[in-house]
Amino acid sequence: MNLTCLYEMMDKAFDVENWWPSESPFEIMIGAILTQQTSWESVDRTLRTMRREGVLSPSSMASMDGARLEDIIRPCGFYRQKAERVQSLARYIVERYGGSPSPLLEKEVEEARRELLSLKGVGKETADSILLFAGHRPVFVAASYVSRVLERTGVFSSRDYDEIQRFVESSLPGPPEHLARLYALFVQLAKTYCKSSPLCHQCPLREYCPFPRQTRK
DNA sequence: ACCCAGGTGGCCC
DNA sequence: GGGCCACATGGG
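Set out below in structure tokens:
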């Protein structure tokens with residue numbers, strides 16, 4: 014069992030087209046922060062409210078009332094720090110780039126990543142999600158879901174973010190779409206089958222999983 | 001009444 | 001450089 018084989022198996026089992034829906038790169042950046050430790054359903058609700066209220070752009074979000082932003086984000090949890098962080102991100106884009114995230118996302122990958130990581134509320138996983146899904150850059154997101162599946166299938170055992178990222182990026186070269194698709198498949202698989210023991214036994218990868226009864230990370 | 005979710009930053013040693 | 005902890009709501 015190697016990564017390519019795993020990729021093909023998951024690809025056969027799941028449909029992850031339009032896995033990270035959005036109308037703009039900025040929306041992906043905001044969604045990436047909101048979805049930290051939060052289900053996508055809650056994030057989706059908040060993003061729809063933002064769109065409806067017309068605050069899903071750097072300039073409008075930068076200047077809106079903080080308490081109102083907190084209210085909109087509340088369903089996502091950690092709403093105070095998330096409100097502060099997304100607004101400071103919006104202001105950063107307005108002040109530094111005149112309101113468009115494109116110049117940042119189009120910088121050389123290493124530089125863009127460093128810049129994203131310097132923002133409060135943007136760690137490795139969030140930065141890489143933004144680079145991959147908003148910037149279409151060839152960067153893999155080595156989320157905890159990923160290490161869980163890699164470990165359980167015996168493909169690669171490590172908890173170290175950078176190590177997993179290097180492993181995947183070097184094992185699966187090619188266009189960024191593959192890395193995005195692979196990441197989506199990992200999350201989809203873990204979400205669907207790794208949550209509970211009964212589901213685990215129906216996993217399409219159960220024959221390859223060395224820990225068939227393990228249900229938690 | 002638990003446990004978990006498409007993590008991060010701050011503090012401690 | 002790793003091990004805890006707070007952050008917080010919503011759903012199973």
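Quick note: the first sequence uses the working numbering, first residue 14, plus one each step.
Just so you know, even glycine gets a beta-carbon here, dropped at the ideal spot from N, CA and C.
| Query | Result |
| --- | --- |
| Can you tell me whether R150 is helix, strand or coil according to DSSP? | coil |
| Quick one: what does DSSP say G79 is sitting in, helix, strand or coil? | helix |
| At which residues does the alpha helix (DSSP H) containing T139 begin and terminate? | 137–142 |
| Output needed for C89: all residues of its chain with C-beta closer than 7 Å, excluding positions within five of it in sequence on either side, in chain order. | L47, T51, S55, V56, T59, K95 |
| For the candidate residues G134, H214, K120, E182, whose alpha-carbon lies nearest to that of A103? | G134 |
| Quick one: Cα of Y206 to Cα of W32, how far? | 18 Å |
| Is the separation between the beta-carbon of N15 and that of S170 shorter than 9 Å? | no |
| Would V181 and F153 qualify as a contact pair, given that the criterion is a beta-carbon distance under 9 Å? | yes |
| What residue does the alpha helix (DSSP H) around R236 start on, and which one ends it? | Any property of residue 236 remains undetermined from this structure, which presents the chain solely from 14 to 230. |
| Mapping the DSSP letters down to three states, classify R219 as helix, strand or coil. | helix |
| Measure how close the beta-carbons of F146 and A80 come, nearest whole angstrom, since I'm counting them as under 8 Å. | Not a contact, Cβ separation roughly 30 Å. |
| Given that a residue counts as buried once 16 or more other Cβ atoms are within 10 Å of its Cβ, and exposed if not, what is G148? | buried |
| Rounding to the nearest angstrom, what Cα-Cα distance links M23 and Q201 in this structure? | 9 Å |
| So, is R98 buried or exposed, given that buried needs 16 or more other C-beta atoms within 10 angstroms? | buried |
| Assign L16 to one of three DSSP states: helix, strand, or coil. | helix |
| Compute the Euclidean distance between the alpha carbons of K204 and L19, then round it to the nearest angstrom. | 16 Å |
| From E128 to I85, what distance separates their C-alpha atoms? | 27 Å |
| I'd like the span of the alpha helix (DSSP H) that includes S28, first residue to last. | Contrary to the premise, residue 28 reads as Asp rather than Ser in this sequence. Careful: D28 lies outside any alpha helix (DSSP H) and carries neither H nor E. |
| For P189, collect the residues of the same chain with a Cβ closer than 7 Å to its Cβ; drop the 5 residues on either side in sequence, then sort them by chain order. | L145, H149, R150, P151 |
| Along the alpha helix (DSSP H) that carries S160, what are the first and last residues, could you check? | 157–165 |
| Would you kindly work out how many angstroms separate the C-alpha atoms of L198 and V107, rounded to a whole number? | 34 Å |
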